[in-house]
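Chains as they are written, first to last, in the numbering used here: chain A, 1 to 329; chain B, 1001 to 1329.
In structure tokens, the structure reads:
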């Protein structure tokens, strides 16, 4: 066990931002770790962190809301582990962490099923107008207006998966059960996959009625779903995004949705979360979700456990349970 | 071709209520049939109908909103065909139609896929709070409140299908893709089905986390989902209904939802449509849908075609395309 500078005998874990699992970590594991929260201090963030410069070896950071900058890392020369509660790592500066020889533990595949489930839910919702119908009934309009607008059929639709990793594969598996025809785009063609492969997303869009964005955010995927892709998808096309907001050119997406140049969208992620373009608030063909794909009761229980297991492994000099491998290779 | 009393050379089709497909029938097929609408007349309904007593051989009626009573049938002694636009036939008096030797054409399996799709969409929506999340974002609450409530995982859940007919089978097929464990209740055990069978719905409920009601409404299924079944399902249990409203004891359902004795509900059908209990309007764990499972653009195109094909078959003395067979046997 590491000695804890300010914490008596418990290993110190600095906590940046507000991870969803922090309350359950604190209530269940305060006897095993000393969670240090800048938000509880009157000191400015960097000054607070610097006070743990010699002792803090582990840091916990949520998947969104705060970037792990070099300025933060400069305050923490003893840091050897970053535990993050997400699968996407775009809030971390990977090259900088590698240079400093800091390991990463992340959520791994913990959320795969939930994200895939929500992707399908958003697709059905947009096509069949579930949320809009719920609004129609709950506003008491049904008895007077009688007829709600027609939805669109999901069965038989040609669906394009953008990024056939673990999440994309689970989405495809689910949509097969609906009788959808699946195509995909990814960096390379997958050898054992029965779905049609398109080497670029523009061609995929031109051959599909809906795109489901399941990839991570990198320099290559930023604004990959741009004007040309949306034009190729066509004015009845639907975009579902459970990846990261910035994979889509959001300004262009909003413009086309408002002008009826896209059929609809189901979005769990946005470019500037939690800010969402207000122009979308009145559109019945747009379903907006507050980045909750991973937020089920069950996954939070699993995540709490996973964070603790990674911290215990680290402080016992054992291998991490869910190390980010691409980074260490 | 039948001679049309009031209609010149076109065969007459009486239209009761307001079938969704009527506008497309009138715009596309007014040159082939004379659609006679009581709603266009100043006469009381029965008097209007009686004026076609000798000539009207075919009648079109929607699946909801109007019952085909004996009083109506008494006005139409020449009637030989009822075309209805639904799969459920609880708005028809089947014994009375049989006694009068009136054939029925109905929607058959046209809607099976759409209804199954919506059932899964409602289940995901209730568990993962899609409509509630959409409301949360569209009301602009996200930036200030930040954290939306946790949903529940679908993958791995034990799901009970009430009525493993065509729709129930399609729902089960879809949910297999989500890694759900499927059980079912139906009148008889299906020989080639891999799912667990329960001979009564109470036992099914006791062994499941969600029930999806896919059966038709009959004397036997009316209020089949009663207090005892809801108690067996438990306070975290979810009910999705895409069958008919009256299969569920709605008063009991509402009471339990309000008091937190059920986990949630996704309802496309209600006991007294379009009236919906207002006590449900403020519940985030309840998703209400204005009986739209079958109402996709694609299915309405298919239904228009099917109605016309049945009418043409009838007036040409050919076999109906989608006769209601249970009735004629």
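Yeah, the Cβ is synthetic: ideal placement off N, Cα and C, and Gly gets one too.
Counting only runs that start and end within the region 195-260 of chain A, where is the alpha helix (DSSP H) found for 4 or more residues in a row?
-> 201-206, 227-233, 250-258
Does the beta carbon of residue 1295 of chain B come closer than 7 Å to any beta carbon on chain A?
-> yes
Kindly confirm or deny that the region 1148-1155 of chain B and the region 298-305 of chain A touch, where touching means at least three C-beta pairs closer than 8 Å.
-> yes
C-beta neighbour in chain B for residue 113 of chain A, strict 7 Å | yes
Could you tell me which chain A residues have their CB closer than 7 Å to the CB of residue 1143 of chain B, listed as they occur along the chain?
-> 274, 275
Go ahead and label residue 285 of chain A buried or exposed: buried means 16 or more other beta carbons lie within 10 angstroms of its beta carbon, across all protein chains shown.
-> buried
In DSSP terms, what residue 103 of chain A is bridged to | A/81
Supposed contact pair residue 73 of chain A and residue 100 of chain A - C-beta distance, whole angstroms, cut 8 Å | 6 Å
Comparing the C-beta of residue 1237 of chain B with each C-beta of chain A, is any distance below 7 Å?
-> no
Under 7 Å between the Cβ atoms of residue 264 of chain A and residue 126 of chain A?
-> yes
Can you name the residues of chain B whose CB is closer than 7 Å to the CB of residue 117 of chain A?
-> 1124, 1128, 1154, 1155, 1178
Helix, strand or coil for residue 335 of chain A, going by three-state DSSP, please let me know.
-> The first residue shown for chain A is 1 and the last is 329, placing residue 335 of chain A beyond what the model contains.
Rounded Cβ spacing between residue 182 of chain A and residue 176 of chain A (contact assumed at less than 8 Å) | 7 Å
Start-to-end residues for the alpha helix (DSSP H) that takes in residue 1039 of chain B | That residue, residue 1039 of chain B, is in no alpha helix (DSSP H); it is neither H nor E in DSSP.
Using the beta-carbon of each residue, which ones in chain B are nearer than 7 Å to residue 120 of chain A?
-> 1124
How would you call residue 113 of chain A, buried or exposed, if buried means at least 16 neighbouring beta carbons within 10 angstroms?
-> buried
Is DSSP giving residue 54 of chain A helix, strand or coil here?
-> coil
Chain A within 7 Å of residue 1314 of chain B, Cβ atoms only | no
Contact list for residue 181 of chain A against chain B, beta-carbon separation under 8 Å | Residues of chain B passing the Cβ test: none, with the nearest at roughly 14 Å.
Spatial neighbours of residue 1067 of chain B in its chain, beta-carbon cut-off 6 Å, leaving aside the 5 residues before and after | 1091
Closest Cα partner of residue 192 of chain A within the set A/19, A/217, A/206, A/169 = A/169
Would residue 1133 of chain B count as contacting chain A if we go by Cβ distances under 7 Å?
-> yes
Buried versus exposed call for residue 290 of chain A [16 or more other C-beta atoms within 10 Å across all chains shown] = buried
So with Cβ pairs under 7 Å, would you call residue 1303 of chain B a contact of chain A?
-> no
Quick one: does residue 1174 of chain B have its CB under 7 Å from some CB of chain A?
-> yes
In chain order, what residues of the same chain have a beta carbon less than 6 Å from the beta carbon of residue 6 of chain A, not counting five sequence neighbours either side?
-> Residue placement at residue 6 of chain A is flagged as unreliable, the pLDDT there being 47, under the threshold of 50; the coordinate-derived value follows with that caveat. Around residue 6 of chain A: no qualifying Cβ.
Of the residues A/50, A/207, A/89, A/81, the one placed nearest residue 344 of chain A, counting alpha carbons only = Since the displayed chain A opens at 1 and closes at 329, residue 344 of chain A lies outside it and no answer follows.
When the distance is taken between beta carbons, is residue 241 of chain A closer than 7 Å to residue 267 of chain A?
-> yes
CB-CB under 7 Å to residue 2 of chain A, same chain, minus the five flanking residues each way: which ones, in chain order?
-> Note that residue 2 of chain A has pLDDT 42, beneath the 50 cutoff, so the model's placement of it is unreliable and the number below is only indicative. Answer for residue 2 of chain A: 11, 57, 315, listed in chain order.
For a contact meaning CB atoms closer than 9 Å, what does residue 262 of chain A contact in chain B?
-> In chain order: nothing, as chain B lies at least about 16 Å away.
Jot down the residue ranges of each uninterrupted beta strand (DSSP E) in the region 1004-1034 of chain B, minimum 3 residues, whole runs only, in chain order.
-> 1012-1015
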